[in-house]
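Peer 1:
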Amino acid sequence: MNSPKNQTAEGGCDVYMVLGGEFGTVRKTLYDAVRFQIEEVLPALIPGVSYTARQLAGETFWSELKRGERNRAGHCLSYMVANGILPLAHVMGPHEYSLLYRLI
């Protein structure tokens, strides 16, 4: 995972994470926020129940994201699951891009 930097309009720097492959590049602050949100709810998840990214991240957090950020947040979650960072597994939903997650 590489972390290139990008100058912001305010003169600061955003740090980006190159997740690679289909996951692309995301701001590290978004990646960390998604991970924190999901780690907070892990103890309350029910084994065998499938959850959407929105349910896992929380309605308040999810609703504060812009549409593009929601897509990138979903990529972050998918990356974390695919790489064993979170104890979740992908579950295919009723549509091709409707990924669900459950505890492993």
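For reference, each letter of the sequence shown is one residue, going -13 to 90 in the working numbering.
Each residue gets a CB set at the ideal place from its N, CA and C atoms; glycine is no exception.
Quick caveat: nothing in here was measured; it's all calculated off a predicted structure.
With a threshold of 8 Å, are at least 3 pairs of Cβ atoms found where one atom belongs to the stretch 27 to 37 and the other to the stretch 51 to 59?
Peer 2: The answer is no - the stretch 51 to 59 does not touch the stretch 27 to 37, with fewer than three Cβ pairs under 8 Å.
Peer 1: Measuring only the C-alpha atoms, how far is G6 from L72?
Peer 2: When rounded, the distance between both Cα atoms is 18 Å.
Peer 1: For F9, which residues from the same chain have a beta carbon less than 6 Å from its beta carbon, with the 5 sequence-adjacent residues on both sides left out?
Peer 2: Around F9: H61 and Y65.
Peer 1: Can you give me the C-alpha to C-alpha distance between L85 and E45, rounded to a whole angstrom?
Peer 2: The alpha-carbon atoms of L85 and E45 are separated by roughly 17 Å.
Peer 1: According to DSSP, simplified to helix, strand and coil, what is T38?
Peer 2: Three-state result, T38: coil.
Peer 1: Quick check on the burial criterion: 16 or more other C-beta atoms within 10 angstroms. Buried or exposed for S(-11)?
Peer 2: Only weak support exists for where S(-11) lies, its pLDDT of 48 falling under 50; the coordinates are left without a value.
Peer 1: Looking at the unbroken beta strand (DSSP E) that takes in A75, where does it start and where does it end?
Peer 2: Element bounds for A75: L74 to M78.
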